[in-house]
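Undergrad: I am attaching a structure below and will ask some questions about it afterwards.
In the working numbering, the protein residues as written are 1201 to 1500.
What follows is the structure in structure tokens.
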């Protein structure tokens, strides 16, 4: 069965009047030989000036860097742990991102918070699937046997005495942001990971919530066997901003946006989201308040 990549973004209803573009941006890519596929979503911080521009730059930069990184046969190492891949990839991303940041920030009107953006990545190499999440977001994995897994990552830290949302941005690792990284660590950051499992023909079942306090700002990293997977979709946290009085996250939104009929072909992610957002959701009264970005790797 062929495997494709696809992506799509939508601006949130509560943000459409603001004088900036969609703060979510998505990218997907398939190598010529079909062995490497990449899906990336970035979400700019609403309080960081020009992060709508930064999210686009970060996704395109990460996509190009990932293509070069994996062409070096990094993934050919048998049984490469997800944490080791994350470590190697982070060193490459930070090194390249520093060069980019120095170029665009030298007298730039875009400002120092340009790259305060989450970065959620899914990479398939043959039968290996890696997921890396710098910041808040979701990943939904649909299995060939009809089951599914949804993982939600949320990051918080103590800021001015109050624990609040605080994604572990990749940009914190830049040398120029050493002071900001120290302040972030001083806020005792916590990454909370929720998982939901759905067996074939069954209902979604929540798993125990896992929380950790990464002292180095490392991303959520996981590895899966893609030979058992039909599709994987990464999403920004906008998927969780539909009005709860009209929708249920798991039974309605995830099933309606991140899972697909087995017979669906072609660019099914963008076609489904475009149709739903313009036809189905308005009839149901569904509105996503925040911007929504998705990218997927889909077996057809």
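Glycine residues also receive a C-beta, built at the ideal position from the N, C-alpha and C atoms.
Does the distance from the C-beta atom of residue 1496 to that of residue 1434 stay below 9 Å?
TA: yes
Undergrad: Is the Cβ-Cβ distance between residue 1242 and residue 1259 less than 9 Å?
TA: yes
Undergrad: Which residues bound the alpha helix (DSSP H) around residue 1385?
TA: 1378-1386
Undergrad: State the Cα-Cα distance for the pair residue 1444 and residue 1488, rounded to the nearest angstrom.
TA: 10 Å
Undergrad: Does the structure place the stretch 1313-1331 close enough to the stretch 1420-1440 that three or more beta carbon pairs sit under 8 Å?
TA: With three or more CB-CB distances shorter than 8 Å, the stretch 1420-1440 counts as touching the stretch 1313-1331.
Undergrad: Go to residue 1295, then tell me how far its alpha helix (DSSP H) extends in each direction, as first and last residue.
TA: 1282-1305
Undergrad: Evaluate contact between the stretch 1390-1402 and the stretch 1280-1288, counting only Cβ atoms and requiring at least three cross-stretch pairs below 8 Å.
TA: Short answer: they don't touch.
Undergrad: To the nearest whole angstrom, what separates the beta carbons of residue 1499 and residue 1203, a pair I think is in contact under 8 Å?
TA: 5 Å
Undergrad: Does the distance from the CB of residue 1247 to the CB of residue 1315 come in under 9 Å?
TA: Pairing residue 1247 with residue 1315 gives a Cβ-Cβ distance that is not under 9 Å.
Undergrad: Does the stretch 1333-1351 come within contact of the stretch 1365-1384, defined as at least 3 CB pairs closer than 8 Å?
TA: yes
Undergrad: Starting from residue 1476, follow its DSSP beta bridges and name the residues at the other end.
TA: Partner(s): none; residue 1476 has no beta bridge.
Undergrad: Please give the ranges of any beta strand (DSSP E) in the stretch 1359-1447, keeping only runs that are unbroken, at least 3 residues long and fully inside the region.
TA: 1362-1365, 1390-1398, 1404-1406, 1410-1412, 1420-1425 and 1429-1435
Undergrad: Starting from residue 1484, follow the alpha helix (DSSP H) in both directions and report where the run begins and ends.
TA: First-last of the alpha helix (DSSP H) with residue 1484: 1481-1484.
Undergrad: Give the straight-line distance between the Cα atoms of residue 1477 and residue 1484, rounded to the nearest whole angstrom.
TA: 10 Å
Undergrad: Check whether the stretch 1260-1269 touches the stretch 1339-1348, counting contact only when three or more Cβ pairs, one atom from each stretch, lie closer than 8 Å.
TA: no
Undergrad: Across which residues does DSSP place residue 1223 in a beta bridge pair?
TA: Answer by DSSP bridge pairing: none, since residue 1223 is not bridged.
Undergrad: Would you mind stating whether residue 1238 and residue 1322 have Cβ atoms separated by less than 9 Å?
TA: A contact, by the Cβ cut-off of 9 Å.
Undergrad: Looking at C-alpha atoms only, which residue of 1479, 1359 and 1301 is the closest neighbour of residue 1376?
TA: 1301
Undergrad: Per DSSP, residue 1458 forms a beta bridge with which residues?
TA: In the DSSP output, where bridge partners are listed per residue, residue 1458 has none listed.
Undergrad: Grab the span of the beta strand (DSSP E) containing residue 1207 for me, first residue to last.
TA: 1203-1210
Undergrad: Please return the same chain residues whose Cβ sits closer than 8 Å to the Cβ of residue 1407, not counting the five positions on each side in sequence.
TA: 1394, 1395, 1396 and 1397
Undergrad: Return the bridge partner residues of residue 1341 from the DSSP annotation.
TA: 1349 and 1432
Undergrad: Is it the case that the Cβ atoms of residue 1491 and residue 1311 are separated by a distance below 9 Å?
TA: Not in contact: residue 1491 and residue 1311 (Cβ atoms no closer than 9 Å).
Undergrad: Per DSSP, what kind of secondary structure is residue 1262 in: helix, strand or coil?
TA: helix
Undergrad: Could you check what DSSP says for residue 1269 in three-state terms: helix, strand or coil?
TA: For residue 1269, the secondary structure class from DSSP, reduced to helix, strand or coil, is helix.
Undergrad: Would you mind reading off the limits of the beta strand (DSSP E) that contains residue 1317?
TA: 1317-1325
Undergrad: Who are the Cβ neighbours of residue 1365 in its own chain at under 8 Å, not counting the five residues just before and after it?
TA: 1336, 1354, 1355 and 1356
Undergrad: According to DSSP, is residue 1498 helix, strand or coil?
TA: strand
Undergrad: So residue 1429 and residue 1343 are in contact, right, with Cβ under 8 Å, and what is the actual spacing, rounded?
TA: 6 Å
Undergrad: Does DSSP put residue 1308 in a helix, in a strand, or in coil?
TA: coil
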